[in-house]
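J.: Residue numbers (my numbering): 346 to 698.
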Ligand SMILES: [Zn+2]
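1. Sorry if obvious, but does the Cβ on residue 410 come closer than 7 Å to a heavy atom of ligand 1?
2. Quick one: residues with CB closer than 7 Å to any heavy atom of ligand 1, in chain order, please.
3. Near residue 569, which residues of its chain fall below 6 Å by C-beta distance, leaving aside the five closest residues on each side in sequence?
4. Taking its Cβ as the centre, do 16 or more other Cβ atoms sit within 10 Å of residue 695, making it buried, or is it exposed?
5. Per DSSP, which residues does residue 371 bridge with? Please list them.
6. What beta strand (DSSP E) runs, 3 residues minimum, are completely inside the segment 576 to 602?
7. Could you check how far apart the C-beta atoms of residue 657 and residue 682 are, in whole angstroms? I think they sit under 8 Å.
8. Does residue 379 come out as helix, strand or coil in the three-state DSSP assignment?
9. Since I believe residue 655 is in contact with residue 368 (beta carbons under 8 Å), could you give me their beta-carbon distance rounded to a whole number of angstroms?
10. Cutting at 6 Å between CB atoms, please list the residues of its own chain near residue 293, excluding the five before and the five after it.
11. Measuring straight from C-alpha to C-alpha, what distance separates residue 597 and residue 439?
12. Are there three or more Cβ pairs, one per stretch, closer than 8 Å when the segment 368 to 386 is compared with the segment 636 to 655?
13. Secondary structure at residue 698, three-state DSSP: helix, strand or coil?
14. My guess is that residue 572 and residue 538 are in contact by the Cβ rule of under 8 Å, so how many angstroms apart are they, rounded?
15. Could you tell me the distance, in whole angstroms, from the CA atom of residue 594 to the CA atom of residue 556?
16. Leaving aside the five residues before and after residue 541 along the sequence, list all residues of the same chain whose C-beta is less than 8 Å from its C-beta, in chain order.
17. What's the C-alpha gap between residue 532 and residue 415?
18. Would you mind giving the Cβ-Cβ distance between residue 491 and residue 467, rounded to the nearest angstrom? I have them listed as a contact below 8 Å.
19. Does DSSP classify residue 445 as helix, strand or coil?
20. May I have the straight-line CA-CA distance separating residue 518 from residue 488, to the nearest angstrom?
21. With a threshold of 7 Å on Cβ separation, who are the neighbours of residue 448 within its own chain once the five nearest residues in sequence on each side are excluded?
22. Roughly how far, in whole angstroms, is the beta-carbon of residue 444 from the beta-carbon of residue 482, given that I think they are within contact range, below 8 Å?
23. Measure the C-alpha to C-alpha separation of residue 435 and residue 675 and round it to an integer number of angstroms.
24. State buried or exposed for residue 350, treating a residue as buried only when at least 16 other CB atoms are found within 10 Å of its CB.
25. So is residue 402 buried or exposed if we call it buried at 16+ other beta carbons inside 10 Å?
26. Helix, strand or coil: which one does DSSP assign to residue 604?
27. Residues in the same chain with beta-carbon distance under 8 Å from residue 407, minus the five sequence neighbours each way, listed in chain order, please.
28. With a threshold of 16 other CB atoms inside 10 Å of the CB of residue 679, please say whether the residue is buried or exposed.
Here is the structure:
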């Protein structure tokens, strides 16, 4: 039997209650959580799920934002698509693997990726997989129907026959339908709802009626606040309407969007959300971990659950903290992550000291 003991302040259950414990993991399952007296300076947190990425554009990392959003990222001729088409497959795979390693080392063990490039694009991400982090691949242009894809990741809805058919086919195959909507304008919101999606990405320009509809139809909403600010589709805490989405009872998840502009760093995304939108540490962390539901998983730390967590060193800060979860997210960040334990095969990561 493979047994691991962890000792530190763990954030337990769905409410992330901090308790100083000794945690025992047997063959990947948390089998015991016992109170501990000694303080170790370690924090044990549920793993992050990054609910929206485009890791293919790792190959265009830190491209200057010097033209309108559409000219940068819209298919088929936005700058990122030109760069993607020009990139050899082996280079694309190695770049995507790099972003997966970056995410995993920061405590992210699952992510939902909009994978461009049809069936080849989906195959390239499958080939790039590393142990420890699970990609929920959302393909397009036929890629969504391959065995490796979990569903469709549609750029925007325009009421085109091809989009409606693609969404229907994905549903028929029992797969997810996800679509960007309401990022820079409201006109693509209604067409997106008409596709009856499982997930809407952005919702930056959502109005009251859109919030109500997402809640009533149980459509998950993925917010990417740093991307929205960088790309100039918001300049206030009213957009996206984070507080209203939460108050309406929507399922809200957090993503980092295009790797070309935003590092896929969930601690940094959480810190930004808390600063700009004044969400509580618990609300924030729930958004940053809840996306595991998209693949039928969870990272809640409780007895009997699979171990899907990471360990941070507190750098002495915990002694002063009145809110350890806030300290973890806003002061420590990904650099403090020392160990990641993931349910994906061979997924134990330990940073070399
Ligand atoms: Zn996106």
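Every residue gets a Cβ at the ideal spot worked out from N, C-alpha and C, and that includes glycine.
T.: Reading off the structure:
1. no
2. 397, 399, 459, 525, 546, 569, 602 and 603
3. 397, 600 and 602
4. exposed
5. 348 and 374
6. 597 to 599
7. 6 Å
8. strand
9. For residue 368 against residue 655, the beta-carbon gap comes to about 13 Å, at or over 8 Å, which does not count as contact.
10. Outside the shown range of the chain, which is 346 to 698, sits residue 293, and nothing can be said about it.
11. Cα to Cα, residue 597 sits roughly 31 Å from residue 439.
12. yes
13. Since pLDDT at residue 698 reaches only 43, below the 50 mark, its modelled position is unreliable, and no value is offered.
14. Not really, about 22 Å apart at Cβ, beyond 8 Å.
15. Rounded to whole angstroms, the separation of the alpha carbons of residue 556 and residue 594 is 9 Å.
16. 512, 516, 522 and 562
17. 15 Å
18. 5 Å
19. helix
20. Rounded to the nearest angstrom, the two C-alpha atoms are 13 Å apart.
21. Within the same chain, residue 448 has close Cβ partners 395, 456, 478 and 609.
22. In fact, because the Cβ distance is near 14 Å, the residues do not count as touching under 8 Å.
23. 36 Å
24. Residue 350 should be labelled exposed.
25. Taking a 10 Å sphere around the C-beta of residue 402, we find 16 or more other C-beta atoms and assign the residue as buried.
26. coil
27. 605 and 606
28. buried
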